[in-house]
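Residue numbers (the numbering used here): 119 to 1309.
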């Protein structure tokens, strides 16, 4: 393909003027598109209707002069009416007159001459469209090129004819309807990035994607000049009055007019990486992404600065190789499943797969999302394949559902629904590749591993016809193989499908002539031939210029001509399997004396001239190949497997990243430079990494149980042989504060300890002992320091709810002594632990659990001293770390960084249950595997596990502090946690119950003088809790008592036996279940304890149910149990021992066999025994509502 065919227009911009060179012959660009002459004739007729004849140049200039005189007269009248305007007003009016004159000049010249603009300059269609409606100059757009005004007057009008029939669409006339029609969905925008200017300055080329012509044909785009001039004069009058009434706006208004220009329409390709200082308004801001998804392609955006586009997790990354900068396209809630880019590299489309999936179209010049499609997949299956047309007009998607749906979107019209859809039968297999015909936007081809499908789109009827001939081994009497990718042949009459057997299936396209009747059917394809192209399986198939290009599993890249004859190949680079090939949009320079193009393999041995290109391989490597001189440059290599291990150096800006593929890489995270790495033999996957406190050693645990200790600066082994005492993956590694001990934990619930010995004057690491101390997975292994000595102490926390401390001093070879064992929870299980910073006189262990609670345990007695509501962001906290401080001045203000299933967040200490003290955002939608903090507390790092990425987050504490201050002080933040707030019904009832408990404790029937107080006795606390709907267990009540009794013990040495209403309110909020009582919690218990009855429900026999209540957990005595049932069944109206003088007279007489059914299900237990009401949507959102009667 020639340069003229690839770039029909060459643009140069100088001093606000744009010169354009148009192709002499456009028919050559689409030689095979049928019905060209008929389409052109219809287009001419439409253009005749769409454009009003332009007046002569002299008449235009005369009209401009008359307009200026009218404006000056209006301005003089305005000056007489508003004497307070002053000289500043005159300057503003003169500025407006100049802009109006320029706008008229542009209009005059724009009506005289038109020329096409290649899609490279496309901007947001709806934004540009409104500006076209509001400005003086108008443009008409063709199907594959923009018709724009030329700033040179006197030249003749030129029209770019299109080779296919254009549709008409009447745009709304009223300004209100225009704004509604042009509303774009823009996501992840922190400030108003796009605005609509009233007038466009002269010399500024306004461009947009080319789809509006199809929608605007038949519409007169040029408004009446007289009406437009009248509107201008009215606007100037309104502004003049505004200047007179508010003097402060006289200088700010002209500046505001300048900043109204759209960032998208005025941007150039070098804008994205221009250095600009912007204040971080969020507590956590992504600054870098390590790793990329090598299953998706990497695209070559710009060659002059080596700008690439690839996906990393749920973020699109535009990477400038030469400047070593990244720009992140953030907005997807799930992992990006596919992406594509327009031919001019301006428009990027990304899509994800999962709940609330999105399709987002971005402007690569600015990084701004210009349109978002929210409801592309109502079933939340996401997008499996996606393609964009060569001119960026249309977007096609294939869903990831069991019944795949093909959709075509007119995204430039901000359409929320597809222009057409097609459901594919299951027999076609999962279509995973999709591409448009580069010369015909109405033709597509997709393929699965077994089926290729050809589509023809008829926009006028919203029909998407398809042809999918069945291909078997009998078709060619040869093995075909599984399809990988498909592409339209350069001759445009055939389709090529590559297979993993190194073959190409050639399909002939049969298109009925335009004059044929409907009985001829739709276009379809038939298998023509099977070409055994090469031995290696073909993984990539594409076209560039006049070549058909393949990449295979052996890392070979081969170029063929249109007859499928080999022209050149690259096989000596020893690359791994090719995953993607992306060629530069800049055509290759022709051969010259100073060029060194390789010869091709034809008989003529001509120079092999092709564009430079980017290579993406299966081992997550990215290369750049310069064809001139055959120079292969490795741009970066990232882990190709899951990343679960990261660790930051204790006093240098270094981060170590370990992957399951057996590689450890060390980066300088401030300079964003890769320093060194080590690759291990196959089968050694890195599971955990930790630097020792001095930063001299790096401990590593591997997936098959091996433990290494490396030199931190060279990754050379610091031990003679690795430790192989574990039979399963080593999940945790920790060093003591003096680096004398190292402890590990593995998947087999075993803790192992290693110690340093001095032998022959050298420090040598030796294995000490190991112990299978837990029954379930170990969540944390933590070293500490004894308070009365400097000796290290070791603790482990397991999902079995056990906190175990080991006695290192009494441990010896093959014997790990246990000091004590404590149970941390009853129902919930612990998830992680860390030493609480010394903000108080008492030293605590902070433990998080699966119930969204944060518990503080005394480090010596292991007593639970506080239970607090932790961050609630969809899932419990899984890891926590205390943010390091830069100086001793910051020791009194500490922060905690946490991760849960898919988010990373910040928490201000001390923890008190205030929801405004936390902030979190999605970091890895498919799960966070690990977290690390920089030594200075400026950055947090998260590893995404299976998404093969590590994200660096800049921490901005001032933004979090601002959020806390906005939340209020004292109890104000807590009132919002209950229904109705401070003045709501719930809090009023709480006050009533609180003061009623004072009366109850003094005796309901007493005649003595009442003592009114602000406190209640501690013994009344559980009764008030139950009265307001929270039913704590006996263990939880004991924790509440300890929390209140010892709240002032460290400071005063006294125990507290009473509580006031504000403190009670906080205790209630921190101890209650964060989501209330849920049916799912009760059902889970029955699933574990019950059996499946005849109805398929989980149930418990009556005898087993009574036995469980008396023997398991916090078991009840028979008297307590009968009294409870008497109250529940209404036989003891006063309630079980609810009043000091009350007694259960009916308890001993109740017959449980008569009151209880033989089989008890979760629903029977909830509604009939407890008397609670289950919400109707309990299957989706199970919540239990307390019945109106109180117990």
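All C-beta atoms, glycine included, are put in the ideal place defined by N, C-alpha and C.
Report the residue from the options whose alpha carbon sits nearest the alpha carbon of residue i.
i: residue 1062; options: 794, 613, 896 and 762; result: 762
i: residue 499; options: 484, 520 and 785; result: 520
i: residue 748; options: 907, 714, 721 and 781; result: 714
i: residue 476; options: 590, 487 and 1170; result: 487
i: residue 579; options: 539, 425 and 1198; result: 539
i: residue 624; options: 1043, 546, 594 and 641; result: 594
i: residue 1217; options: 1229, 1203 and 1230; result: 1203
i: residue 823; options: 863, 466, 786 and 1065; result: 863
i: residue 975; options: 882, 943 and 448; result: 943
i: residue 752; options: 765, 764 and 735; result: 735
i: residue 1173; options: 1184, 1237 and 1160; result: 1160
i: residue 644; options: 611, 673 and 619; result: 611
Have a look at residue i and residue j and give me their C-alpha separation to the nearest angstrom.
i: residue 1034; j: residue 1023; result: 12 angstroms
i: residue 954; j: residue 1010; result: 12 angstroms
i: residue 464; j: residue 415; result: 17 angstroms
i: residue 1283; j: residue 1226; result: 14 angstroms
i: residue 760; j: residue 658; result: 24 angstroms
i: residue 1270; j: residue 1276; result: 10 angstroms
i: residue 842; j: residue 888; result: 12 angstroms
i: residue 577; j: residue 995; result: 51 angstroms
i: residue 554; j: residue 702; result: 19 angstroms
i: residue 1207; j: residue 948; result: 22 angstroms
i: residue 504; j: residue 480; result: 15 angstroms
i: residue 989; j: residue 431; result: 24 angstroms
i: residue 854; j: residue 982; result: 25 angstroms
Please classify residue i: is it buried, with 16 or more other beta-carbons within 10 angstroms of its beta-carbon, or exposed?
i: residue 646; result: exposed
i: residue 935; result: exposed
i: residue 453; result: buried
i: residue 692; result: exposed
i: residue 440; result: exposed
i: residue 779; result: buried
i: residue 489; result: buried
i: residue 494; result: buried
i: residue 485; result: buried
i: residue 814; result: exposed
i: residue 1051; result: buried
i: residue 1135; result: exposed
i: residue 1057; result: buried
i: residue 639; result: exposed
i: residue 1090; result: exposed
Where does residue i sit, in a helix, a strand or coil, going by DSSP?
i: residue 997; result: strand
i: residue 290; result: Model confidence at residue 290 stands at a pLDDT of 38, short of 50, so the residue's coordinates are unreliable; what they give is reported in the following sentence. DSSP places residue 290 in coil when its eight states are reduced to three.
i: residue 554; result: strand
i: residue 1115; result: helix
i: residue 1332; result: Residue 1332 lies beyond the stretch modelled for the chain, which goes from 119 to 1309, so this question has no answer here.
i: residue 247; result: Note that residue 247 scores 35 on pLDDT, short of 50, meaning its location in the model is unreliable; the coordinates nonetheless yield the value given after this. Three-state result, residue 247: helix.
i: residue 703; result: coil
i: residue 1241; result: helix
i: residue 592; result: helix
i: residue 1285; result: helix
i: residue 837; result: coil
i: residue 1290; result: coil
Within the 7 angstroms Cβ cut-off, does residue i reach chain D?
i: residue 761; result: Chain labels in this structure do not include chain D; a single protein chain is all it has.
Original post:
Which parts of the segment 1167-1219 are runs of the alpha helix (DSSP H), unbroken and 4 residues or longer, counting only runs that do not cross its ends?
Top reply: 1167-1170, 1179-1189 and 1197-1207
Original post:
Which runs of the beta strand (DSSP E) fall wholly inside the segment 479-532 and span at least 3 residues, in chain order?
Top reply: 486-491, 501-506, 513-517 and 523-527
Subject >> 3 or more residues per run - each beta strand (DSSP E) lying fully within the segment 1025-1076 >> reply: 1036-1040, 1048-1051, 1057-1061 and 1068-1073
**OP:** Scan the segment 534-586 and note each continuous beta strand (DSSP E) run of 3 residues or more that stays entirely inside, going in chain order.
**Re:** 538-541, 551-555, 558-565, 570-576 and 581-585
Original post:
What are the uninterrupted segments assigned as beta strand (DSSP E) that are 3 or more residues long and contained completely in the segment 954-981, given in chain order?
Top reply: 962-967 and 971-976
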